[in-house]
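Have a look at the structure below, then the notes.
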Amino acid sequence: MIDLQEIRELTPEVRKTVYLFLRELIATKKTFLLRSEMQDMLQVFFDNEEAKQHEKEPVFEIFRYAQVLALNDPWVYVSVRPEIGKWHYFRFHVEDVLYEEVEAGDYLSFEEMQIDGTTQVDEFLLEIDLKPFNREFPKLKDASYIGKGVEFLNRHLSGQFFQEKKRGDEKLFDFLRLHHCRGKQLMLNERIESIAALKRQMRKASSLLKKYENSQEWAEVSREMRNLGFEAGWGREIGRVRENIDLLLEILEAPTPSILAKFLSRIPMIFNILIVSPHGYFGQSNVLGLPDTGGQIVYILDQVRALEKEMRKQISEQGLDIEPEIIVLSRLIPDAGETPCNQRLEDIIGTRNAKILRVPFRYPNGEIVPHWISRFHVWPFLERFALDAAREIQGELRGRPDLIIGNYSDGNLVAALMSKKMRVTQCNIAHALEKSKYLFSAQYWKANESQYRFSSQFTADLIAMNTADFIITSTYQEIAGTEESVGQYETYNSFSMPGLYRVISGIDVFDPKFNVVSPGADENVYFPYFDKDRRLLELHGELEEYVFGPPSDWARGQLKEKDKPIIFSMARLDRIKNLTSLVRWYAENQSLRQEANLLLVAGTIRVEESQDEEEKACIQEMHQLFQEYDLHDQVRWLGSRLDKNLTGELYRFVADYRGIFVQPALFEAFGLTVVEAMTSGLPTFVTIFGGPLEIIEHGENGFHIDPTHGEQTSEIITSFLAGCRNDPKYWDKVSEKGIRRVEEKYNWRLYAEKLLSFSKVYGFWKFVTNLEREETRRYLDMFYSLKMRSLSK
Ligand code: UDP
Ligand code: LCN
Numbered sequence: 079m080i081d082l083q084e085i086r087e088l089t090p091e092v093r094k095t096v097y098l099f100l101r102e103l104i105a106t107k108k109t110f111l112l113r114s115e116m117q118d119m120l121q122v123f124f125d126n127e128e129a130k131q132h133e134k135e136p137v138f139e140i141f142r143y144a145q146v147l148a149l150n151d152p153w154v155y156v157s158v159r160p161e162i163g164k165w166h167y168f169r170f171h172v173e174d175v176l177y178e179e180v181e182a183g184d185y186l187s188f189e190e191m192q193i194d195g196t197t198q199v200d201e202f203l204l205e206i207d208l209k210p211f212n213r214e215f216p217k218l219k220d221a222s223y224i225g226k227g228v229e230f231l232n233r234h235l236s237g238q239f240f241q242e243k244k245r246g247d248e249k250l251f252d253f254l255r256l257h258h259c260r261g262k263q264l265m266l267n268e269r270i271e272s273i274a275a276l277k278r279q280m281r282k283a284s285s286l287l288k289k290y291e292n293s294q295e296w297a298e299v300s301r302e303m304r305n306l307g308f309e310a311g312w313g314r315e316i317g318r319v320r321e322n323i324d325l326l327l328e329i330l331e332a333p334t335p336s337i338l339a340k341f342l343s344r345i346p347m348i349f350n351i352l353i354v355s356p357h358g359y360f361g362q363s364n365v366l367g368l369p370d371t372g373g374q375i376v377y378i379l380d381q382v383r384a385l386e387k388e389m390r391k392q393i394s395e396q397g398l399d400i401e402p403e404i405i406v407l408s409r410l411i412p413d414a415g416e417t418p419c420n421q422r423l424e425d426i427i428g429t430r431n432a433k434i435l436r437v438p439f440r441y442p443n444g445e446i447v448p449h450w451i452s453r454f455h456v457w458p459f460l461e462r463f464a465l466d467a468a469r470e471i472q473g474e475l476r477g478r479p480d481l482i483i484g485n486y487s488d489g490n491l492v493a494a495l496m497s498k499k500m501r502v503t504q505c506n507i508a509h510a511l512e513k514s515k516y517l518f519s520a521q522y523w524k525a526n527e528s529q530y531r532f533s534s535q536f537t538a539d540l541i542a543m544n545t546a547d548f549i550i551t552s553t554y555q556e557i558a559g560t561e562e563s564v565g566q567y568e569t570y571n572s573f574s575m576p577g578l579y580r581v582i583s584g585i586d587v588f589d590p591k592f593n594v595v596s597p598g599a600d601e602n603v604y605f606p607y608f609d610k611d612r613r614l615l616e617l618h619g620e621l622e623e624y625v626f627g628p629p630s631d632w633a634r635g636q637l638k639e640k641d642k643p644i645i646f647s648m649a650r651l652d653r654i655k656n657l658t659s660l661v662r663w664y665a666e667n668q669s670l671r672q673e674a675n676l677l678l679v680a681g682t683i684r685v686e687e688s689q690d691e692e693e694k695a696c697i698q699e700m701h702q703l704f705q706e707y708d709l710h711d712q713v714r715w716l717g718s719r720l721d722k723n724l725t726g727e728l729y730r731f732v733a734d735y736r737g738i739f740v741q742p743a744l745f746e747a748f749g750l751t752v753v754e755a756m757t758s759g760l761p762t763f764v765t766i767f768g769g770p771l772e773i774i775e776h777g778e779n780g781f782h783i784d785p786t787h788g789e790q791t792s793e794i795i796t797s798f799l800a801g802c803r804n805d806p807k808y809w810d811k812v813s814e815k816g817i818r819r820v821e822e823k824y825n826w827r828l829y830a831e832k833l834l835s836f837s838k839v840y841g842f843w844k845f846v847t848n849l850e851r852e853e854t855r856r857y858l859d860m861f862y863s864l865k866m867r868s869l870s871k
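Heads up, the sequence shown is in the working numbering, so the first residue is 79 and it goes up one at a time.
Quick look at the structure:
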């Protein structure tokens with residue numbers, strides 16, 4: 079950690095060393111230096127004996143913890159991250175070797191000047207600063223608590239109850255009177271008019287219930303309970319009703335975080351959920367692998383099944399006979415090709431009552447947009463989509479939903495607009511924040527605007543992150559990174575988009591709205607290769623053809639040596655997924671070619687079938703690689719969409735060949751294929767950039783690879799394969815540990831339980847803090863109206 083006091087004074091010797099180092103920085107003639115470049119430079123600089131004497135000087139801590147340096151002789155500006163989530167900014171004057179700590183805004187202005195090539199700070203550029211609005215809100219103190227927002231909030235809420243006893247009790251009482259479902263009052267009726275009456279009636283209820291067995295049902299007491307002021311919702315069995323009344327009595331006497339959490343999570347509040355996912359092809363067949371259509375769809379469909387099951391269980395335990403309803407809102411695409419995305423409604427398989435509802439995008443004149451649109455270009459259509467969809471949803475649900483979950487930047491913005499209109503709790507799931515995928519994407523937004531429209535996307539992200547009542551992430555690193563790397567959400571704390579606006583404080587990773595709740599893999603589809611009875615051996619003829627068949631119009635290459643292990647990878651064909659690099663590493667490494675075959679399931683092999691620029695470029699590059707390295711007998715590239723049962727069996731088929739799975743992305747937010755492969759029993763090799771770093775513990779239940787160091791990656795893989803050749807138990811060991819890791823940490827049942835309980839706690843929190851939120855809300859409304867709307871047009 080940097081001690082700011084300590085680094086004020088420099089002795090003449092240290093001053094000289096610092097000067098020499100600053101000169102080296104300037105000599106790079108770069109505008110920006112990244113952390114990794116900085117680390118390499120420090121290492122080389124301190125190879126020198128004289129410099130080495132000052133290596134431990136505190137001033138060098140600034141460079142050691144630097145994330146980015148912005149350079150322009152005679153100035154060096156440094157953004158420093160000494161701890162997770164904590165930022166400082168410094169500037170050095172090279173000739174005078176003077177340095178000082180500066181504000182985030184000064185650092186950002188300097189960056190802007192370098193990018194725009196000006197010498198004048200834009201003093202009146204719009205600055206976004208949400209910090210002052212959040213002064214009254216509690217914040218986590220310790221980075222190790224980041225992502226455990228609900229635990230913190232429960233502690234805070236119960237503490238507040240204790241301190242402001244009367245106010246807290248009244249809030250809770252008002253909250254309990256709110257609940258109803260489909261016209262039926264729940265929990266309390268109008269006979270109980272005050273908190274004192276509530277306590278009195280609860281005691282009476284307790285003595286009434288004493289006459290009954292735990293296993294008897296609410297129906298037997300409902301009339302008497304109603305006369306006392308209690309409606310259904312306290313429990314199906316008397317035992318549970320009694321338990322819930324005791325919990326509430328305890329909260330009113332002496333609240334503790336765990337009792338409050340338990341009680342809130344039992345209040346029946348969530349009967350209808352709206353899940354918003356506009357872009358891509360959202361469907362249950364023929365869509366995976368299409369551009370913009372991947373993990374988010376898989377995630378949501380699995381999530382819906384798990385949520386419906388858990389909602390039904392909880393609603394029933396609370397004594398209500400109400401069928402939960404879930405609607406996934408997506409975009410209707412009239413020209414949907416072989417996909418079902420031109421149908422308005424589609425029942426979700428494996429659920430009783432969940433549906434996909436598709437609403438079209440419309441041009442301003444009302445005409446329907448007929449074709450697929452890349453996720454980067456959906457912005458002009460979202461406001462109208464939100465309004466049209468709100469009407470349809472209210473019709474489908476016969477009222478408003480109890481919770482809105484947004485997905486990805488577009489879905490989160492629509493969720494923000496809808497939850498504002500309908501006054502419903504908003505939960506966000508990012509899946510992938512593009513800002514961290516593309517280096518300097520905010521700073522150089524102008525250069526990429528026609529392709530990516532980041533100005534709209536990052537503005538939407540900022541608005542939706544701040545309107546959300548809570549945010550679910552798949553990993554900790556998604557929020558706050560690691561000691562070394564910046565979290566995906568953390569990158570929204572301070573940044574600038576030159577000429578557009580400057581964000582002084584955009585989102586705080588210490589905000590208790592963040593919670594890590596990791597997804598899983600559908601256990602009916604993805605299970606270990608040795609689970610013989612469940613395996614779909616009937617599909618093996620088809621899989622043989624897919625894996626070992628001859629080239630065709632949907633597959634390139636043919637694996638001639640069938641008994642070699644298979645290196646397998648599967649992903650959409652976009653640049654960041656980096657599959658072409660995997661092919662290149664393989665092609666250039668003779669030992670790897672000797673040890674194994676390579677199998678890819680990716681996109682399509684015919685460039686004319688693609689409408690996506692990145693995909694087209696990847697297809698062309700892949701064909702070139704086959705040609706250049708003559709890979710025809712060793713690499714098999716499948717460009718066809720397999721249904722998920724085939725995909726599940728394919729992982730296991732590869733495991734039968736003692737194969738491995740490689741995820742080589744330049745950045746991967748989470749990586750569902752990683753958990754699918756691991757749970758199937760494939761030793762898995764994953765990128766160090768993003769979520770996979772956290773899913774796998776290197777050398778234990780899989781391996782980390784650095785996709786920017788191809789040779790090193792090839793060596794890691796070759797040495798594993800060679801290790802397995804010498805000792806076949808090695809493969810089994812890694813395989814078993816991978817399976818166990820997924821069993822323990824990535825599980826949809828647990829996910830649904832947590833998500834529902836969080837929705838209730840945050841619903842209560844939203845109710846308690848309703849007034850205080852008004853200021854932020856109005857500020858964000860203004861940001862939306864003045865910036866977002868004009869950008870999306
Ligand atoms: N997938 C598939 N066929 C393909 C490519 C991907 O079935 O050709 C599935 C894969 O099994 C996984 C999902 O799509 O369930 C991809 O999710 P992941 O999180 O790995 O990546 P994303 O596509 O979301 O970036
Ligand atoms: C989007 C991604 O890019 C993946 O990394 C995730 O696994 C997927 O969404 C599901 O959240």
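Positions of the beta carbon are idealized from the N, C-alpha and C atoms, including for glycine.
Same chain only: Cβ atoms within 6 angstroms of residue i, ignoring 5 sequence neighbours per side
i, result
"residue 637", "626, 675, 714"
"residue 507", "485, 550"
"residue 854", "211"
"residue 570", "584, 585"
"residue 701", "none"
Closer than 6 angstroms: residue i CB and nearest the ligand LCN heavy atom
i, result
"residue 772", "no"
"residue 746", "yes"
"residue 750", "yes"
"residue 509", "yes"
Boundaries of the alpha helix (DSSP H) in which residue i is found, first to last residue
i, result
"residue 696", "691-707"
"residue 277", "273-287"
"residue 319", "316-331"
"residue 234", "227-241"
"residue 756", "750-758"
"residue 349", "No alpha helix (DSSP H) holds residue 349; DSSP gives it neither H nor E."
"residue 122", "113-123"
"residue 745", "From DSSP, residue 745 is part of no alpha helix (DSSP H); its letter is neither H nor E."
First and last residue of the uninterrupted beta strand (DSSP E) at residue i
i, result
"residue 409", "403-410"
"residue 504", "503-507"
"residue 422", "That residue, residue 422, is in no beta strand (DSSP E); it is neither H nor E in DSSP."
"residue 155", "153-161"
"residue 165", "164-171"
"residue 739", "738-741"
"residue 371", "Segment: none, residue 371 is in no beta strand (DSSP E) and carries neither H nor E."
Same chain, Cβ closer than 7 angstroms to residue i, neighbours up to 5 away in sequence not counted
i, result
"residue 703", "658, 661, 662, 665, 709"
"residue 836", "228, 548, 593"
"residue 425", "433"
Cβ-heavy atom distance, residue i to the ligand UDP, below 6 angstroms
i, result
"residue 650", "yes"
"residue 358", "no"
"residue 765", "no"
"residue 725", "yes"
"residue 376", "yes"
"residue 489", "no"
"residue 598", "no"
Beta-carbon proximity list for residue i, same chain, < 8 angstroms, skipping 5 on both sides
i, result
"residue 153", "169, 170, 171, 172, 188"
"residue 871", "458"
Neighbour flag for residue i against chain D, beta carbons, 7 angstroms
i, result
"residue 595", "In summary, chain D is missing from the structure at hand, where a single protein chain is found."
Could you pull out every unbroken alpha helix (DSSP H) segment of at least 4 residues lying fully inside the segment 773-852, listed in chain order?
-> 788-804, 806-823, 826-846
Fully enclosed by the segment 585-647, which beta strand (DSSP E) runs are 3 residues long or longer?
-> Fully enclosed beta strand (DSSP E) runs of 3 or longer: 592-594.
Could you tell me which uninterrupted alpha helix (DSSP H) segments, each at least 4 residues in length, are contained entirely in the segment 437-497, listed from first to last along the chain?
-> With a minimum length of 4 residues, the continuous alpha helix (DSSP H) runs that stay inside the segment 437-497 are 460-475.
Which ranges does the beta strand (DSSP E) cover as unbroken runs of at least 3 residues, wholly within the segment 176-221, from first to last along the chain?
-> Counting only runs of 3 or more, we get 176-180, 205-207.
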